[in-house]
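A quick write-up on the structure given underneath.
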Amino acid sequence: MLDNLRPWDVYTLRTAETLDQYANVHWPRHISSLGKHGITTHGIWTEHSDDSHRLIALVSYQPDADIEQVARDFMASAEFTSDMAGFDMQNFTSVDTVLLETTASSPLR
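This is how it looks when you write it as structure tokens:
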């Protein structure tokens, strides 16, 4: 069921410092601006290891939303530009999205 899908976005950054900046400055800005575009943030996690610096975000979209189009529209918006002010986009080494389907027994729905 499409409205049961939750994107799990994984942002890999070049350094621990850029991960900290993205997690503590820029992602908090995204939460309200994503909401204006019909995207709800359910959680944000970071992973720090010797060879990986990642932020993982669990978000959801409105039922029947075209997830790819909504994401493109958000990234083309003035809100996104403002959220990312002062951050060099070259600090991302990859951005991956995994669509997760909620199970009937999941407490997070």
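Residues in the sequence shown are numbered from 2 upward in steps of one, following the working numbering.
From the three backbone atoms N, C-alpha and C, an ideal C-beta is built for every residue, glycine too.
Apart from the 5 residues on each side of it in sequence, H27 sits with its Cβ closer than 7 Å to the Cβ of D84, M85, F88 in its chain, given in chain order. By the Cβ-count criterion, H43 is exposed, with fewer than 16 other Cβ atoms from all chains shown falling within 10 Å of its own Cβ.
Between L35 and F75 the beta-carbon gap is near 7 Å, inside 8 Å, which marks them as a contact. Put simply, the backbone Cα of I57 is about 23 Å away from that of D65. Our two residues, L59 and P29, have alpha carbons roughly 14 Å apart in a direct line. Taken in chain order, the whole beta strand (DSSP E) runs of length 3 or more contained in the segment 15 to 75 are 40 to 49, 54 to 62. Cβ contact annotation for V71 (same chain, cutoff 7 Å, sequence separation greater than five): H38, G39, I40, Y62, in chain order.
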